[in-house]
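Asker: A single structure is presented below for examination.
Numbering (this note's numbering), first residue to last: 488 to 793.
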(Lines of atoms letter the chains of each structure in order from A; the text may use other names.)
(Lines give C-alpha, C1' and ligand atoms only; values in the text may rest on other atoms or scores of the structure.)
Protein backbone atom coordinates (compact mmCIF):
# COMPACT_ATOMS: atom_id res chain seq x y z
CA UNK A 488 0.00 0.00 0.00
CA UNK A 489 1.39 3.41 -0.96
CA UNK A 490 1.69 6.36 1.43
CA UNK A 491 -1.13 8.11 -0.42
CA UNK A 492 -3.42 5.10 -0.07
CA UNK A 493 -2.55 4.82 3.62
CA UNK A 494 -3.33 8.50 4.14
CA UNK A 495 -6.71 8.10 2.50
CA UNK A 496 -7.47 5.10 4.69
CA UNK A 497 -6.46 7.01 7.84
CA UNK A 498 -8.62 9.96 6.80
CA UNK A 499 -11.63 7.69 6.30
CA UNK A 500 -11.06 6.05 9.67
CA UNK A 501 -10.22 9.08 11.83
CA UNK A 502 -11.47 12.10 9.92
CA UNK A 503 -9.51 15.35 9.72
CA UNK A 504 -7.24 16.57 11.07
CA UNK A 505 -4.89 13.64 11.64
CA UNK A 506 -1.37 13.66 13.02
CA UNK A 507 1.21 11.88 10.89
CA UNK A 508 4.29 10.74 12.81
CA UNK A 509 7.58 9.03 12.07
CA UNK A 510 8.23 5.75 13.86
CA UNK A 511 11.88 6.69 14.44
CA UNK A 512 14.00 9.80 15.05
CA UNK A 513 11.02 12.02 15.87
CA UNK A 514 11.60 14.92 18.25
CA UNK A 515 10.49 18.53 18.66
CA UNK A 516 9.12 19.68 15.30
CA UNK A 517 10.90 16.88 13.42
CA UNK A 518 9.05 13.73 12.45
CA UNK A 519 5.44 14.91 12.62
CA UNK A 520 3.00 16.54 10.23
CA UNK A 521 -0.53 17.78 10.88
CA UNK A 522 -2.75 16.76 7.97
CA UNK A 523 -5.71 19.15 7.99
CA UNK A 524 -7.36 17.92 4.81
CA UNK A 525 -6.84 16.23 1.46
CA UNK A 526 -4.97 19.33 0.30
CA UNK A 527 -2.16 18.49 2.77
CA UNK A 528 -1.47 15.04 1.29
CA UNK A 529 1.17 16.25 -1.16
CA UNK A 530 2.98 18.23 1.52
CA UNK A 531 2.92 15.29 3.92
CA UNK A 532 4.28 12.90 1.29
CA UNK A 533 7.02 15.31 0.20
CA UNK A 534 8.03 15.95 3.81
CA UNK A 535 7.79 12.45 5.27
CA UNK A 536 6.97 10.01 2.49
CA UNK A 537 10.31 8.16 2.72
CA UNK A 538 9.98 7.47 6.47
CA UNK A 539 8.20 4.69 8.34
CA UNK A 540 4.99 6.38 9.44
CA UNK A 541 1.88 5.97 11.52
CA UNK A 542 -1.20 8.16 11.87
CA UNK A 543 -3.13 9.24 14.95
CA UNK A 544 -6.56 10.75 15.40
CA UNK A 545 -6.35 14.42 16.33
CA UNK A 546 -7.33 15.14 19.94
CA UNK A 547 -8.50 18.68 20.81
CA UNK A 548 -6.76 19.13 24.14
CA UNK A 549 -6.65 22.01 26.61
CA UNK A 550 -3.14 21.53 27.99
CA UNK A 551 -0.22 19.14 27.80
CA UNK A 552 0.83 17.72 31.15
CA UNK A 553 4.10 15.81 31.35
CA UNK A 554 4.99 13.49 34.20
CA UNK A 555 8.50 12.15 34.66
CA UNK A 556 8.56 8.73 36.32
CA UNK A 557 11.30 6.48 37.65
CA UNK A 558 10.79 2.81 36.87
CA UNK A 559 12.66 0.28 39.02
CA UNK A 560 13.08 -3.47 38.50
CA UNK A 561 14.56 -6.36 40.45
CA UNK A 562 17.41 -8.57 39.21
CA UNK A 563 14.90 -10.71 37.29
CA UNK A 564 13.61 -7.65 35.41
CA UNK A 565 10.32 -7.72 37.27
CA UNK A 566 8.73 -4.38 38.05
CA UNK A 567 9.45 -3.16 41.57
CA UNK A 568 7.89 0.27 41.67
CA UNK A 569 7.03 3.43 39.78
CA UNK A 570 7.96 6.78 41.35
CA UNK A 571 6.44 9.90 39.83
CA UNK A 572 7.67 13.47 39.84
CA UNK A 573 4.94 16.11 40.07
CA UNK A 574 3.01 16.94 36.91
CA UNK A 575 4.22 19.94 34.92
CA UNK A 576 2.60 21.96 32.16
CA UNK A 577 4.55 22.23 28.92
CA UNK A 578 4.08 25.05 26.42
CA UNK A 579 4.98 24.51 22.77
CA UNK A 580 5.56 26.98 19.96
CA UNK A 581 6.14 25.68 16.45
CA UNK A 582 6.03 22.16 17.97
CA UNK A 583 9.04 22.96 20.20
CA UNK A 584 8.78 23.15 23.98
CA UNK A 585 9.58 26.71 25.02
CA UNK A 586 8.54 26.75 28.68
CA UNK A 587 7.54 24.48 31.56
CA UNK A 588 5.41 25.44 34.58
CA UNK A 589 5.19 23.83 38.00
CA UNK A 590 2.54 23.52 39.23
CA UNK A 591 0.46 23.49 36.06
CA UNK A 592 -1.51 26.71 35.73
CA UNK A 593 -5.24 26.56 36.45
CA UNK A 594 -5.15 22.79 36.94
CA UNK A 595 -6.48 21.36 40.20
CA UNK A 596 -4.50 19.05 42.45
CA UNK A 597 -7.16 16.38 41.86
CA UNK A 598 -6.55 16.47 38.11
CA UNK A 599 -2.78 16.27 38.66
CA UNK A 600 -3.29 13.29 40.95
CA UNK A 601 -5.49 11.61 38.32
CA UNK A 602 -2.80 12.19 35.71
CA UNK A 603 -0.15 10.64 37.97
CA UNK A 604 -2.34 7.58 38.56
CA UNK A 605 -2.97 7.17 34.82
CA UNK A 606 0.75 7.43 34.08
CA UNK A 607 1.69 4.97 36.83
CA UNK A 608 -0.63 2.38 35.30
CA UNK A 609 0.58 3.01 31.75
CA UNK A 610 4.26 2.74 32.61
CA UNK A 611 3.87 -0.70 34.21
CA UNK A 612 3.57 -2.33 30.79
CA UNK A 613 6.92 -1.52 29.10
CA UNK A 614 10.18 -3.04 30.29
CA UNK A 615 13.23 -1.17 31.46
CA UNK A 616 14.81 0.68 34.34
CA UNK A 617 15.26 4.40 34.59
CA UNK A 618 13.48 7.59 33.62
CA UNK A 619 10.39 7.63 31.42
CA UNK A 620 8.71 10.88 30.39
CA UNK A 621 4.99 10.48 29.81
CA UNK A 622 3.23 13.22 27.86
CA UNK A 623 -0.48 13.55 28.49
CA UNK A 624 -3.33 15.56 27.03
CA UNK A 625 -5.73 17.24 29.45
CA UNK A 626 -9.10 17.39 27.72
CA UNK A 627 -11.91 19.88 28.23
CA UNK A 628 -13.85 17.46 30.48
CA UNK A 629 -10.69 17.09 32.65
CA UNK A 630 -10.05 13.55 31.45
CA UNK A 631 -6.47 12.46 30.78
CA UNK A 632 -5.19 10.82 27.58
CA UNK A 633 -1.64 9.48 27.34
CA UNK A 634 -0.01 10.87 24.20
CA UNK A 635 3.60 9.67 24.15
CA UNK A 636 6.16 7.87 26.29
CA UNK A 637 9.82 8.89 25.99
CA UNK A 638 12.11 6.26 27.61
CA UNK A 639 14.84 8.69 28.67
CA UNK A 640 15.56 11.83 30.68
CA UNK A 641 13.42 14.54 29.15
CA UNK A 642 13.66 18.26 28.51
CA UNK A 643 10.64 19.01 30.70
CA UNK A 644 12.34 17.27 33.63
CA UNK A 645 15.11 19.88 33.72
CA UNK A 646 12.81 22.01 35.86
CA UNK A 647 13.46 19.69 38.79
CA UNK A 648 17.22 20.25 38.73
CA UNK A 649 16.37 23.35 40.74
CA UNK A 650 12.95 22.28 41.99
CA UNK A 651 14.07 18.96 43.52
CA UNK A 652 17.86 19.39 43.80
CA UNK A 653 18.38 16.29 45.94
CA UNK A 654 17.09 13.99 43.16
CA UNK A 655 17.35 15.32 39.62
CA UNK A 656 16.08 13.11 36.81
CA UNK A 657 19.67 12.25 35.87
CA UNK A 658 20.54 11.13 39.37
CA UNK A 659 17.28 9.18 39.57
CA UNK A 660 18.02 7.52 36.21
CA UNK A 661 21.47 6.36 37.33
CA UNK A 662 20.19 5.14 40.69
CA UNK A 663 17.45 3.14 38.99
CA UNK A 664 19.78 1.59 36.39
CA UNK A 665 22.25 0.63 39.14
CA UNK A 666 19.45 -0.82 41.28
CA UNK A 667 20.07 1.53 44.22
CA UNK A 668 17.10 3.88 43.96
CA UNK A 669 15.82 4.73 47.48
CA UNK A 670 12.24 3.45 47.43
CA UNK A 671 11.16 5.50 50.44
CA UNK A 672 11.96 8.81 48.76
CA UNK A 673 9.23 11.33 47.98
CA UNK A 674 9.78 13.21 44.74
CA UNK A 675 8.21 16.46 45.91
CA UNK A 676 9.81 19.92 45.86
CA UNK A 677 11.18 20.81 49.28
CA UNK A 678 12.82 24.10 48.37
CA UNK A 679 10.29 25.76 46.07
CA UNK A 680 6.55 26.20 45.83
CA UNK A 681 6.67 27.23 42.19
CA UNK A 682 9.09 26.92 39.31
CA UNK A 683 9.32 27.97 35.69
CA UNK A 684 11.75 26.65 33.11
CA UNK A 685 12.45 28.47 29.86
CA UNK A 686 14.26 26.79 27.00
CA UNK A 687 16.90 28.86 25.23
CA UNK A 688 16.59 28.26 21.51
CA UNK A 689 19.01 29.26 18.82
CA UNK A 690 17.88 32.22 16.73
CA UNK A 691 18.35 33.40 13.18
CA UNK A 692 21.93 34.42 13.91
CA UNK A 693 24.57 32.88 16.13
CA UNK A 694 24.43 35.61 18.78
CA UNK A 695 20.70 36.28 19.14
CA UNK A 696 20.56 34.39 22.44
CA UNK A 697 23.41 36.35 24.03
CA UNK A 698 21.13 39.14 25.27
CA UNK A 699 19.11 36.56 27.19
CA UNK A 700 22.31 35.20 28.76
CA UNK A 701 23.27 38.70 29.83
CA UNK A 702 19.82 39.42 31.23
CA UNK A 703 19.90 36.24 33.29
CA UNK A 704 23.34 37.07 34.67
CA UNK A 705 22.13 40.51 35.73
CA UNK A 706 19.23 38.98 37.66
CA UNK A 707 21.49 36.99 40.00
CA UNK A 708 22.19 40.00 42.21
CA UNK A 709 18.61 41.33 42.22
CA UNK A 710 16.65 38.21 43.11
CA UNK A 711 15.58 38.07 46.77
CA UNK A 712 12.58 35.73 47.04
CA UNK A 713 13.58 33.32 44.31
CA UNK A 714 16.51 31.60 42.65
CA UNK A 715 17.42 31.83 38.99
CA UNK A 716 19.77 29.37 37.30
CA UNK A 717 21.26 29.34 33.82
CA UNK A 718 22.19 25.97 32.29
CA UNK A 719 24.11 25.83 29.01
CA UNK A 720 24.61 22.65 26.98
CA UNK A 721 27.73 23.59 25.05
CA UNK A 722 25.93 23.25 21.71
CA UNK A 723 26.45 25.50 18.73
CA UNK A 724 23.32 27.61 18.14
CA UNK A 725 20.99 26.78 15.25
CA UNK A 726 17.47 28.10 14.63
CA UNK A 727 15.09 26.28 16.98
CA UNK A 728 17.84 24.21 18.59
CA UNK A 729 17.77 23.89 22.38
CA UNK A 730 21.11 25.22 23.59
CA UNK A 731 20.28 25.74 27.25
CA UNK A 732 17.57 26.60 29.74
CA UNK A 733 16.76 28.99 32.55
CA UNK A 734 15.08 27.83 35.75
CA UNK A 735 13.37 30.22 38.15
CA UNK A 736 12.23 28.79 41.50
CA UNK A 737 10.26 30.65 44.17
CA UNK A 738 9.44 29.89 47.78
CA UNK A 739 6.07 31.60 47.51
CA UNK A 740 3.16 31.26 45.15
CA UNK A 741 1.41 34.45 44.15
CA UNK A 742 -2.05 35.39 43.06
CA UNK A 743 -2.52 35.57 39.34
CA UNK A 744 -1.12 38.79 37.97
CA UNK A 745 -1.15 40.12 34.43
CA UNK A 746 2.23 40.15 32.76
CA UNK A 747 2.70 41.83 29.41
CA UNK A 748 4.79 39.79 27.04
CA UNK A 749 6.20 40.43 23.60
CA UNK A 750 6.14 37.49 21.29
CA UNK A 751 7.72 37.09 17.92
CA UNK A 752 6.45 34.59 15.38
CA UNK A 753 7.91 34.41 11.91
CA UNK A 754 9.44 37.87 12.43
CA UNK A 755 6.06 39.43 13.32
CA UNK A 756 5.97 41.08 16.74
CA UNK A 757 2.69 41.25 18.53
CA UNK A 758 1.54 42.03 22.05
CA UNK A 759 -0.21 39.47 24.16
CA UNK A 760 -1.24 39.12 27.77
CA UNK A 761 -0.67 35.91 29.61
CA UNK A 762 -1.63 35.34 33.19
CA UNK A 763 1.26 34.36 35.41
CA UNK A 764 0.64 32.40 38.55
CA UNK A 765 3.98 33.06 40.12
CA UNK A 766 5.61 35.86 42.07
CA UNK A 767 8.76 35.41 40.04
CA UNK A 768 7.08 36.57 36.85
CA UNK A 769 6.02 39.77 38.59
CA UNK A 770 9.69 40.55 39.13
CA UNK A 771 11.28 38.73 36.22
CA UNK A 772 9.28 39.79 33.18
CA UNK A 773 10.38 37.55 30.35
CA UNK A 774 8.75 39.75 27.78
CA UNK A 775 11.57 39.49 25.28
CA UNK A 776 12.22 35.74 25.45
CA UNK A 777 10.62 34.75 22.15
CA UNK A 778 11.67 37.92 20.39
CA UNK A 779 15.32 37.44 21.32
CA UNK A 780 15.39 34.17 19.42
CA UNK A 781 14.57 36.10 16.25
CA UNK A 782 17.22 38.76 16.66
CA UNK A 783 15.28 41.45 18.55
CA UNK A 784 17.03 43.53 21.21
CA UNK A 785 15.96 44.67 24.67
CA UNK A 786 15.47 48.44 24.62
CA UNK A 787 13.82 48.95 28.00
CA UNK A 788 12.78 46.82 30.97
CA UNK A 789 10.34 47.70 33.71
CA UNK A 790 9.37 45.73 36.79
CA UNK A 791 5.65 45.22 37.13
CA UNK A 792 3.95 46.81 40.15
CA UNK A 793 2.61 44.63 42.94
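For each residue, glycine too, the CB sits at the ideal point set by N, CA and C.
State whether the stretch 564–579 contacts the stretch 594–610, with contact taken as three or more CB pairs (one from each stretch) at a distance under 8 Å.
Answerer: In short, these stretches touch, since the Cβ pair count reaches three.
Asker: Beta-carbon within less than 8 Å of residue 523's beta-carbon, same chain only, minus the 5 sequence neighbours each way: which residues are those?
Answerer: Only 503 and 504 meet the Cβ criterion.
Asker: CB-CB under 7 Å to residue 531, same chain, minus the five flanking residues each way: which ones, in chain order?
Answerer: Cβ neighbours of residue 531 beyond the five flanking positions: 494, 507, 520 and 522.
Asker: Taking a contact to mean a Cβ-Cβ separation below 8 Å, would you say residue 618 touches residue 555 in this structure?
Answerer: Against a cut-off of 8 Å, the Cβ pair of residue 555 and residue 618 comes out as a contact.
Asker: For the beta strand (DSSP E) containing residue 839, list its first residue and its last residue.
Answerer: With the chain covering only 488 through 793, there is no way to say anything about residue 839.
Asker: Is it right to say residue 558 is buried, meaning 16 or more other beta carbons lie within 10 angstroms of its own, or is it exposed?
Answerer: With 16 or more Cβ atoms within 10 Å of its Cβ, residue 558 is classed as buried.
Asker: Which stretch, first to last residue, makes up the alpha helix (DSSP H) that contains residue 500?
Answerer: Counting along the chain, the alpha helix (DSSP H) containing residue 500 begins and ends at 490–501.
Asker: With DSSP run on the structure shown, which of helix, strand or coil describes residue 715?
Answerer: If DSSP states are grouped into helix, strand and coil, residue 715 belongs with the strands.
Asker: Give every residue of the same chain whose Cβ lies closer than 8 Å to the Cβ of residue 566, excluding the five residues on either side of it in the sequence, and list them in chain order.
Answerer: 558, 559, 560 and 611, listed in sequence order.
Asker: In this structure, does DSSP put residue 751 in helix, strand or coil?
Answerer: At residue 751 the pLDDT is 29, less than 50, meaning the model places this residue with poor confidence and gives no usable figure here.
Asker: Could you tell me the alpha carbon to alpha carbon distance between residue 631 and residue 624, rounded to whole angstroms?
Answerer: Cα to Cα, residue 631 sits roughly 6 Å from residue 624.
Asker: Could you check whether residue 636 and residue 605 sit closer than 8 Å to each other, using their CB atoms as the reference points?
Answerer: Cβ atoms of residue 605 and residue 636: not closer than 8 Å.
Asker: Based on DSSP bridge pairs, tell me the residues matched to residue 736.
Answerer: In DSSP, residue 736 forms a bridge with 682 and 714.
Asker: Going straight from the alpha carbon of residue 621 to that of residue 553, what length do you get?
Answerer: For residue 621 and residue 553, the distance between alpha carbons rounds to 6 Å.
Asker: If we count the other Cβ atoms within 10 Å of its Cβ and call it buried at 16 or more, is residue 713 buried or exposed?
Answerer: Residue 713 comes out buried.
Asker: Taking the alpha-carbon positions, what's the residue 497 to residue 726 distance?
Answerer: Spanning the two alpha carbons is a distance of roughly 33 Å.
Asker: What do you reckon, are the CB atoms on residue 733 and residue 685 nearer than 8 Å?
Answerer: Taking 8 Å as the Cβ cut-off, residue 733 and residue 685 qualify as a contacting pair.
Asker: With a 10 Å radius around its C-beta and 16 neighbouring C-beta atoms as the bar for buried, classify residue 692 as buried or exposed.
Answerer: Classification for residue 692: exposed.
Asker: Ignore the nearest five residues each way along the sequence and tell me which others in residue 731's own chain have a CB closer than 6 Å to its CB.
Answerer: Answer for residue 731: 687, 718, 719 and 720, listed in chain order.
Asker: Using 8 Å for Cβ pairs, my map puts residue 736 next to residue 649. What's the rounded Cβ distance?
Answerer: Correct: roughly 5 Å between the Cβ atoms.
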